[in-house]
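K.L.:
Numbering of the sequence shown is given in my numbering, commencing with residue 12 and proceeding in unit increments. Every residue, glycine too, gets a C-beta built ideally from N, C-alpha and C. Sending over a structure as C-alpha cells; questions will come in a sec.
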Amino acid sequence: MSKPVRVRFAPSPTGPLHIGGVRTALYNYLFARKMGGKMLLRIEDTDQNRFVPGAEEYIVEALHWAGIVIDEGQGVGGPHAPYRQSERRAIYQKEAQRLVDEGKAYYAFDTAEELDAMRQRLEAANAPAAQYNSITRMQMRNSLTLKADEVKARIDAGDPYVIRLKTPRKEEVRLNDLIRGWVNVHSSAIDDKVLLKSDGLPTYHLANIVDDHLMEITHVIRGEEWLPSAPLHVLLYRYLGWEDTMPQFAHLPLLLKPEGNGKLSKRDADLGGFPIFPLQWTDPVTGVVAKGFREEGYLPEATINFLALLGWNPGTEQELFTMDELIASFDLTQVHKAGARFDIQKAQWFNHQYIRLRPDAELAPTVQQQAEAAGFDCPPEKAEKIVSLLKGRINFAHEIFTEAATIFNAPTTYDEAIAAAKWNDDAVRAVTAFRDALQAYDGPFMADDIKHTLGDAMTQAGIKQGKIMQAMRLALTGTGAGPDLMLTMEIIGKDETVGRLETALNTLKTAVK
12 MSKPVRVRFA
22 PSPTGPLHIG
32 GVRTALYNYL
42 FARKMGGKML
52 LRIEDTDQNR
62 FVPGAEEYIV
72 EALHWAGIVI
82 DEGQGVGGPH
92 APYRQSERRA
102 IYQKEAQRLV
112 DEGKAYYAFD
122 TAEELDAMRQ
132 RLEAANAPAA
142 QYNSITRMQM
152 RNSLTLKADE
162 VKARIDAGDP
172 YVIRLKTPRK
182 EEVRLNDLIR
192 GWVNVHSSAI
202 DDKVLLKSDG
212 LPTYHLANIV
222 DDHLMEITHV
232 IRGEEWLPSA
242 PLHVLLYRYL
252 GWEDTMPQFA
262 HLPLLLKPEG
272 NGKLSKRDAD
282 LGGFPIFPLQ
292 WTDPVTGVVA
302 KGFREEGYLP
312 EATINFLALL
322 GWNPGTEQEL
332 FTMDELIASF
342 DLTQVHKAGA
352 RFDIQKAQWF
362 NHQYIRLRPD
372 AELAPTVQQQ
382 AEAAGFDCPP
392 EKAEKIVSLL
402 KGRINFAHEI
412 FTEAATIFNA
422 PTTYDEAIAA
432 AKWNDDAVRA
442 VTAFRDALQA
452 YDGPFMADDI
462 KHTLGDAMTQ
472 AGIKQGKIMQ
482 AMRLALTGTG
492 AGPDLMLTME
502 IIGKDETVGR
512 LETALNTLKT
522 AVK
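Printed below as a string of C-alpha cells:
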C-alpha cells in the first residue's frame, strides 16, 4: 500500500509572501486534496540575518485569505512539532554530526578572506567554476587537510567552523521530476555546500531534507529556482540513508514579466502599477507600503482561479473553477515546463467574472459605505439595486460607486456631441410627454411599470421609441450611454426622474435644431 500523500509549503519569513509563493502553496494544496492527503506549513527561518518581523503572521493570513487550508504545521500544530526551523536546531546538528562521523561531511575552518583568495586564484586560472568542491577542498583548511588532533584543538578552543558536504568526485546524480522528467547531473558540478553554519544553524539544504524526512513528506512541489539544488538534495538523501523514502520532486515553472521576458519582480509590479503580493505589506523599517491583491479589490476566489491557470492547463475550455473544481481537475502532469506570463488584465477579467457571480447583498455594503462617506443617503435596499444594475460593468467592487455617479448626482452638464446629434424636436416632445405621463402616474415605480408608462406615452405622442432613447438617457444622466435606463429610473425614484427631465427641457433648449 502506498504512503498517504503529505506535502508542505515552507516559506521563509524574510518579507511579504510573493504571489508566486501563493501559487506554489496552491498547487501543493490542490495536489494534497486531490490525493486525499495532508498539507503542512513549515516556517524556514534559519537565515536569521534576513528575518523580518511580522512576515510569518503575514504568510499565515495570506494563506487563510486565499482559502488554502493548512492541516498540520505552524499555527495548527501536529505530531512533528515544532514547525519553525529555528526551534529544531538540535535535530539538524545531530544529523550534520552523523554525516561527519560517517565521513560524508567535514569541518571547514576557512575564513572569509581565505575563501575570497581561493575564488580569486581559480578565476585567475580560468577555472570552469570558482567553488569549494572535491578538488579545491584539498587546498583549504578543513578536517580533510588538517591532522585530527589539530581539528579537535580548534573545536575545543571555540574556533568558528562550518560543516560541509563531502561531494563525491565522479558520480552521476539522477532524479525523475514529475514535471520535467529525468534530470542528470555529474557530481563534479556540485560544490561542497555548507550544511551547518558557524552559528549552529543549518542551511536550507540540510534543514529541508531532514524536516521533509522526519515529517514524512511524500512530494516536494516547489519553484523552478530550486531545480539546480535538487541533485544535491538527492545526494543528501543518499548520504543520510533515506534514499528509499525520498519524496518525489516537482519543480514549477517561473512566473514571467507581463512581456514574457524574465522572472516577474517587484519592480515590474511597481512600474506596471499592479500588486505582486496577496495582501498589502508595510515595510517595518522603511514604512513603504506595497500593494496587495486583497486591498486592490481582487476577490480570493478570482485570485486563486487566475493563479491556478498560470502554469497549469486542465486540457478543456473551462476557465472558471471553484476550489472544489480545481481540486477535482488538478494533475501535476499537466503543469507546464515553460514559464507563465503574468497578465494582470487576465486577473482583472477573472475578478470581473467573480464580481458578477457574487450575490448583490454581499457587495452592497461596499457601495453603502462609500456613498455615505460621500454624504449620500444609501439604504441597503438602494445599494443592492445599484449593485444589480452595475456589477456587470466593473472589475472591482469599489468601482460600483464610481459607476453610480449619475445615480447619486443629477447632471449639471450634458454631452455636447450627443445633444447636437439627438436633441431635436422629437426628443423635446418625447421627454415632455414622458414627464407629463410620470407626473400623472401613481402606481409602483418599478422598472417594468416605468417601461410601460414610457411606451404608452410614446405611442400617444406618435413617436418611435427607438429614435429617442439616447436623448432620454441624455436628459436623465447627461451622457449617451450607460446601464439599463428603466432600472436607473427605478433607483433614483419618481420625483428625481421628473425633476431631471424638467431640468433637461429647460437647459437643452438651445440644442434644438
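On the three-state DSSP scale, how would you describe Y38?
P.N.:
helix
K.L.:
Counting only the same chain and skipping the five closest in sequence on each side, list residues whose C-beta sits under 7 Å from that of A141.
P.N.:
R130, L133, E134
K.L.:
Can you find the residues in the same chain that come closer than 6 Å, C-beta to C-beta, to K524, ignoring five residues on each side of it along the sequence?
P.N.:
With a pLDDT of only 47 at K524, under the threshold of 50, the placement of this residue in the model should not be trusted; the figure read from the coordinates follows. If we look at K524 and ignore the five residues flanking it on each side, its Cβ neighbours are N435.
K.L.:
Going along the chain, which residues of its own chain have a beta-carbon closer than 8 Å to the beta-carbon of Q345, five neighbours each way excluded?
P.N.:
W323, N324, P325, G326
K.L.:
Identify the continuous beta strand (DSSP E) that holds K520 and give its terminal residues.
P.N.:
Neither: K520 is in no beta strand (DSSP E) and is coded neither H nor E.
K.L.:
Looking at the secondary structure, which residues open and close the alpha helix (DSSP H) in which K357 lies?
P.N.:
355–368
K.L.:
Assuming M483 is part of the alpha helix (DSSP H), what are its boundary residues?
P.N.:
476–488 is the extent of the alpha helix (DSSP H) around M483.
K.L.:
Assign S154 to buried or exposed, taking buried as 16 or more other Cβ atoms, counted over all protein chains shown, within 10 Å of its Cβ.
P.N.:
The residue in question, S154, is buried, as its Cβ has 16 or more Cβ neighbours within 10 Å.
K.L.:
Whether or not the region 375–383 and the region 331–347 are in contact is what I'm after, with contact meaning three or more pairs of Cβ atoms, one per stretch, closer than 8 Å; do they touch?
P.N.:
no
K.L.:
Helix, strand or coil for I526? Go by DSSP, reduced to three states.
P.N.:
There is no way to answer for residue 526, as the model of the chain reaches only from 12 to 524.
K.L.:
Is R132 helix, strand or coil when you go by DSSP?
P.N.:
Assignment of R132 by DSSP, reduced to helix, strand and coil, places it in the helix class.
K.L.:
How big is the Cα-Cα spacing for P15 and K49?
P.N.:
8 Å
K.L.:
Is H230 helix, strand or coil when you go by DSSP?
P.N.:
strand
K.L.:
In chain order, what residues of the same chain lie with their CB nearer than 6 Å to the CB of L512, ignoring the 5 residues before and after it?
P.N.:
Non-local beta-carbon contacts of L512 in its own chain, meaning distances under 6 Å to residues more than five positions away in sequence, involve V442, R446, A486 in chain order.
K.L.:
Given that a residue counts as buried once 16 or more other Cβ atoms are within 10 Å of its Cβ, and exposed if not, what is R61?
P.N.:
exposed
K.L.:
Thinking just about the alpha-carbon of each residue, which of W237, A136, L516, P213 is nearest to the one in A101?
P.N.:
Its Cα nearest to that of A101, the residue P213 stands out among W237, A136, L516, P213.
K.L.:
Could you give the C-beta distance for S97 and D56, rounded to a whole number, given that I count them as a contact under 8 Å?
P.N.:
5 Å
K.L.:
How would you call I166, buried or exposed, if buried means at least 16 neighbouring beta carbons within 10 angstroms?
P.N.:
exposed
K.L.:
Among the candidates I502, A515, S145, P455, whose CA atom is the shortest distance from the CA of A482?
P.N.:
A515
K.L.:
Alpha carbon to alpha carbon, what distance is there between T508 and P494?
P.N.:
Note on geometry: alpha-carbon atoms of P494 and T508 lie some 15 Å from one another.
K.L.:
Which residue or residues does DSSP assign as beta-bridge partners of G303?
P.N.:
F288
K.L.:
Given a cut-off of 9 Å, decide if G89 and E526 are closer than it, judged by their beta-carbon atoms.
P.N.:
The chain is shown only over 12 to 524; residue 526 falls outside these bounds and no answer can be derived.
K.L.:
Secondary structure at M497, three-state DSSP: helix, strand or coil?
P.N.:
The answer is helix: DSSP assigns M497 an H, G or I state.
K.L.:
Return helix, strand or coil for W237, following the three-state DSSP convention.
P.N.:
DSSP places W237 within a helical segment (H, G or I) once states are collapsed to three.
K.L.:
Span of the beta strand (DSSP E) holding A116?
P.N.:
116–119
K.L.:
On the DSSP letters alone, give me the boundaries of the alpha helix (DSSP H) that L10 sits inside.
P.N.:
What the structure shows of the chain is the stretch from 12 to 524, and residue 10 is not part of that stretch, so it cannot be assessed.
K.L.:
So what does DSSP say about G504, is it helix, strand or coil?
P.N.:
G504 falls in the coil class under three-state DSSP.
K.L.:
State yes or no: is the C-beta of K396 within less than 9 Å of the C-beta of R367?
P.N.:
For K396 and R367, no; Cβs fall outside 9 Å.
K.L.:
For A21 and N272, I'd like the C-alpha separation in whole angstroms.
P.N.:
27 Å
K.L.:
Whole angstroms is fine: what's the gap from M151's alpha carbon to L74's?
P.N.:
45 Å
K.L.:
How far does the beta strand (DSSP E) with F260 in it extend, from its first residue to its last?
P.N.:
259–263
K.L.:
Do you know whose CA, among N420, L343, S209, lies nearest G504's CA?
P.N.:
Nearest option by C-alpha distance: N420.
K.L.:
Return the chain-ordered list of same chain residues with a C-beta closer than 8 Å to the C-beta of E501, the five sequence neighbours on each side being excluded.
P.N.:
K396, F456, M457, A458, I461
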